[in-house]
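Numbered by mature numbering (1 follows the signal peptide of the UniProt record, and there is no 0), the letters in the sequence shown go through residues -20 to -1, 1 to 437 in order. Even for Gly, the Cβ is constructed at its ideal location relative to N, Cα and C. Some notes on the structure that comes next.
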Amino acid sequence: MRSHLTLHLTLLILPTLSLSSQTSEPSQCASPAPSRPLHSHLTDITAPSCLDSHISPSQPSAWHPWTHQPYCIPASDTPWCVFTDAAHGISVITTPEEAADALHPHTHLVFGDDDDDDELLLFFEPDKVMKPRPYEVREIPGKGKGAVATRRIEKGKVMLVDTVSVLAAVEYPADVLREEVQDLLRVAAERLGEPGRVTGLAKQGVKGRVMGRRRSGGTEEHEQEQEGEDEEEEDGVQEMSEMEDVMLTNSFGVTVGGKEYMGLFADLARFNHACKPNAFIHFSETKLAMTVWSAQDIEPGEEITISYANAGMTSQERQQLLEQIWGFQCQCSLCTASPAARNASDSRRIEIRHLQDEVVSLAQNGEFDTAIEQAERLFSLVDEEGLTEQMSGMYEVPARLYYHVGNLEKALQYTLKVRHEIDGYAVPSKQGREKLEMLDGVIARIERELREKREGS
């Protein structure tokens, strides 16, 4: 399952590999290539084909609009570098090629001050964004800090737009040494305008499997020292650096330009998990930002929660995931309910997971009537579990099925749900606007066919 509301959580705890340290620095960028337009809609803006640490500090215009000289560490094929846009509070750990292309700041409509109404209204209807933020961060008994509503929040409102603070490619820890991982993360944090926003986030504060491969080779004296360290570090379990701990405890997996990244969102990190949350999150690749939406009406004094886990997971699967990645055991109302209530919820979620695949399979095999029955069963279970907003990406399937069998009333009902999802729970983009225009055409056609059907009967 993967809808726009269900984020793929990347497992950050990587195995430790014994590979030889790089002894010579590979070329970072290929021979200089001419600048070229970043995208077809940005023909007046060009970027170099590659950005690396060999650019002279006396030529800051060469890496503009990045605000710092790239900080790079050589690796097997291409170096891994820190690129920072301090003006917008973003540090990215990626390759020089990606920094000059898919992750170049001019390809993303980011902004650093979410109090700028003019910027926000480029992406949302005025009545969707709550200004000022309708919550405050407080101490929550047994949870640490959390977000608590300060006034009534209606369903379908944007409570937070949080631009990513640190974005790190998921594959880089396996390509560099452990101390180099720590170095890259340290630089990424230090170059932010307010590094304390990320270094002050929650940490597990325990030893764990660290990010990055271990150094091997060297002098006999070094090897003896390493052996001594190994006795203290059981099976690769070592003390994490501050930023390693922060990233492992607080980051989400996101996709940018078809590549997976670990995204650290400093304000979103204050929202606690619940298995039946009252809010949900959505990542905008256009703005490199996470938005938090209310999934139901929320009253003043009520904690605002989101789900860190996929909707189809059982209670045991959720607990294992939360413990392994975030280092806590969930104590939400569902997890502390009676065994009978938890078992009933688990049964529903297992059936939801099964029906998602079955509905698609039935439709592909031409068994449309059965597919429709199962789709209705799916949404009944989703509603019973309170997961409607997390599963809304499935609405297009029954819309197509009902139209195919000639049930125009139901086809219109679900097509309107699809439109509401895109218009109400997504950041507008060129593709989004095009899909809305297409859906408006589909809706108009179904409504016309309905009128003709009624007039002819």
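Rounded to the nearest whole angstrom, the C-alpha separation of Gly173 and Thr235 is 25 Å.
Ranking Tyr382, Ala249 and Lys111 by CA distance to the CA of Arg132 puts Lys111 first. Under the DSSP assignment, Phe63 falls in the beta strand (DSSP E) whose first and last residues are Trp60 to Asp65.
Using a Cβ distance threshold of 8 Å, His384 and Phe348 count as a contacting pair. In this structure the segment 121 to 139 touches the segment 284 to 301; the number of beta carbon pairs closer than 8 Å is three or more. DSSP lists Met270 as the beta-bridge partner residues of Asp142. Distance check between Leu140 and each of Ala269, Gly69 and Glu77 places Ala269 closest, using alpha-carbon atoms only. Spanning the alpha carbons of Val272 and Leu248 requires a straight line of approximately 8 Å. Going by beta carbons, Leu388 and Leu430 fall inside the 8 Å limit. For Ile284, the pairing in a beta bridge is given by DSSP as Ala127. Looking from the CA of Ile332, the closest CA among Glu356, Ser313 and Asp65 belongs to Glu356.
His48 and Leu181 have their C-alpha atoms some 24 Å from each other. Take the alpha-carbon of Ile70 and the one of Glu78: they are about 15 Å apart.
In the DSSP assignment, Phe232 falls within the beta strand (DSSP E) that extends over Phe232 to Val236.
Relative to the Cα of Tyr394, the nearest Cα in the group Ala148, Tyr375 and Leu381 belongs to Tyr375. By a beta-carbon distance limit of 8 Å, Val377 contacts Val340. Their separation comes to about 7 Å. Secondary structure of Glu116 (DSSP, three-state): strand. When C-beta atoms of the segment 160 to 172 are compared with those of the segment 288 to 304, fewer than three pairs fall below 8 Å, so the two segments do not count as touching. In the three-state scheme derived from DSSP, where H, G and I count as helix and E and B as strand, Asn323 is classed as helix. Pairing Ser274 with Gly366 gives a Cβ-Cβ distance that is not under 8 Å. Going by DSSP, Ala259 is part of the beta strand (DSSP E) stretching over Ala259 to Ser264. Under the three-state reduction of DSSP, Met242 is assigned to strand. Gln162 is a Cβ neighbour of Glu224, given a cutoff of 8 Å. Collapsing the DSSP output to three states places Val156 in coil. Here Ala149 is bridged, per DSSP, to Tyr241. The straight-line gap separating the alpha-carbon atoms of Ser327 and Gly292 is approximately 10 Å.
In the DSSP assignment, Thr74 forms a beta bridge with Cys61.
Rounded to the nearest whole angstrom, the CA to CA distance from Ala259 to Val138 is 10 Å. A residue is called buried once 16 or more other Cβ atoms fall within 10 Å of its Cβ, and Asn252 is buried on that count.
About 5 Å separates the beta carbon of Lys125 from that of Val117, a gap short enough to meet the 8 Å contact definition.
Only buried fits Ser295, as 16 or more other CB atoms lie within 10 angstroms of its CB.
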